[in-house]
Amino acid sequence: MLNEERLLDAMQGIRLENVKKAEAFLGYAEEATPQFHVHRKLWSTLLVAAIIVSLFTVTAYALGWFQMSHHDSRETYTATIGQQQVEWKGEYAFEFEGAEECPEVRFRVTWSPSDDYWYPASWAVGRTKLVEGREVYNEEFGVYMPSCVVDIMYAPQFVDGGAMILIGFKPGEITRETWGEVEVYKFQATATHAIDREQTQFPTGNFVILFHPEEGWIIGVRGYDSMENMEGIARGLMVEPTGRTVHKKDFDSKYDFCDIYIG
0 MLNEERLLDA MQGIRLENVK KAEAFLGYAE EATPQFHVHR KLWSTLLVAA IIVSLFTVTA
60 YALGWFQMSH HDSRETYTAT IGQQQVEWKG EYAFEFEGAE ECPEVRFRVT WSPSDDYWYP
120 ASWAVGRTKL VEGREVYNEE FGVYMPSCVV DIMYAPQFVD GGAMILIGFK PGEITRETWG
180 EVEVYKFQAT ATHAIDREQT QFPTGNFVIL FHPEEGWIIG VRGYDSMENM EGIARGLMVE
240 PTGRTVHKKD FDSKYDFCDI YIG
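Reminder that position 254 of the sequence shown reads as 253 in numbering that gives the first Met the number 0, one-by-one numbering, no gaps.
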């Protein structure tokens, strides 16, 4: 499904000659006479343009466009993984609409804050689907914490009632940017679980989520390193298709997590 912004973009891309041809086909061709048909002419042109946009929307959906929405969530999510029934309570949810398959991709890291940032270092060499950073020292709390994890998820896993869930973190304001064809969502999120025995220390993580609405992949870059480093890593990712296709049926569950983890 295309949102309002994409529909407006689509209308701006309709060439006048194509509208006129469609008008003639639909019986809205301009008549030779009179002045009072000006308004009728305007509305018929808009109608034809809307019809073309509708056709464009259907075609785009058939080709695999995806749409993401996000909201606070106190829902308890239940899934069967193998033989086990598992439940989670979410803090925030990202939901998706679209097709049940999309191209599989992998990425290559081209920028890192330091030469020995990744662990093991070999994971960041070449093209992969997951990299994890070494722990960084948090001076505020006096502990070592996960610096960064980068991995891939796919919108087809979550369509038809599923969700990408953020648990254990409460996000602040989420800002949306566009990097070429990719939608980028950036935010800080405070842990809802304390990391000390006295239950007073609640660290804040940084999140950059890359979403390609046409191809359906989602890459999460998040950790306790700085937002500047998260964004630098995200901007430096090179993404390419593997030539394979990902299907909704490939996943055991229609839920997955986008929190900060290692392992």
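Glycine is no exception: its CB is placed at the ideal position from the N, C-alpha and C atoms.
Assigned exposure category for residue i - 16 Cβ within 10 Å defines buried
{"i": "D115", "result": "exposed"}
{"i": "E103", "result": "buried"}
{"i": "S53", "result": "Caution applies to S53, whose pLDDT of 44 falls short of 50 and renders its modelled position unreliable; the value that the coordinates give is listed next. Classification for S53: exposed."}
{"i": "L165", "result": "buried"}
{"i": "G97", "result": "buried"}
{"i": "R243", "result": "exposed"}
{"i": "D249", "result": "exposed"}
{"i": "H69", "result": "buried"}
{"i": "R196", "result": "exposed"}
{"i": "G161", "result": "buried"}
{"i": "A120", "result": "exposed"}
{"i": "G73", "result": "At residue 73 the sequence reads Arg, which differs from the Gly that was named. Exposed: under 16 other Cβ atoms inside 10 Å."}
Residue i - partner residues in DSSP beta bridges
{"i": "C101", "result": "V245"}
{"i": "K185", "result": "T174 and V207"}
{"i": "Y91", "result": "D71 and L165"}
{"i": "I218", "result": "I151 and L209"}
{"i": "W117", "result": "G132"}
{"i": "N137", "result": "V142"}
{"i": "M237", "result": "R107"}
{"i": "Y254", "result": "A162"}
{"i": "T127", "result": "F106"}
{"i": "A190", "result": "F168"}
{"i": "Q66", "result": "E96"}
Residue i and residue j closer than 7 Å at C-beta
{"i": "V181", "j": "L209", "result": "yes"}
{"i": "V135", "j": "D224", "result": "yes"}
{"i": "G215", "j": "C101", "result": "yes"}
{"i": "E213", "j": "W64", "result": "yes"}
{"i": "E227", "j": "V207", "result": "no"}
{"i": "M152", "j": "D255", "result": "yes"}
{"i": "S146", "j": "G132", "result": "yes"}
{"i": "G169", "j": "E99", "result": "As written in the sequence, residue 169 is Lys, which differs from the Gly given in the question. Going by C-beta atoms, K169 is not nearer than 7 Å to E99."}
{"i": "A266", "j": "F95", "result": "Outside the shown range of the chain (0 to 262) lies residue 266, about which nothing can therefore be said."}
{"i": "T109", "j": "G235", "result": "yes"}
{"i": "R105", "j": "T241", "result": "yes"}
Close Cβ partners of residue i (< 6 Å) along its chain, the five nearest in sequence each way excluded
{"i": "K88", "result": "T75"}
{"i": "Y184", "result": "I173, R175 and I208"}
{"i": "K247", "result": "E99 and P155"}
{"i": "V238", "result": "V104 and F106"}
{"i": "H38", "result": "Caution applies to H38, whose pLDDT of 43 falls short of 50 and renders its modelled position unreliable; the value that the coordinates give is listed next. So the list is empty, once near-sequence residues are dropped."}
Expected contact under 8 Å - CB spacing of residue i and residue j to nearest Å
{"i": "Q156", "j": "G171", "result": "26 Å between Cβ atoms; not a contact."}
{"i": "K128", "j": "D150", "result": "7 Å"}
{"i": "V142", "j": "I217", "result": "In fact, because the Cβ distance is near 29 Å, the residues do not count as touching under 8 Å."}
Same chain only: Cβ atoms within 7 Å of residue i, ignoring 5 sequence neighbours per side
{"i": "P33", "result": "Because the pLDDT of P33 is 46, which lies under 50, any placement of that residue in the model is unreliable, and the number read from its coordinates should be weighed accordingly. Hits under 7 Å: none found."}
{"i": "M144", "result": "E134, V135, N137, P202 and Y223"}
{"i": "D71", "result": "Y91"}
{"i": "H192", "result": "G167"}
{"i": "Q83", "result": "none"}
Beta-carbon contacts of residue i that lie in its chain and below 8 Å, excluding the five residues immediately before and after
{"i": "Y118", "result": "E131, G132 and R133"}
{"i": "Y266", "result": "This structure cannot speak to residue 266, because the chain is shown only from 0 to 262."}
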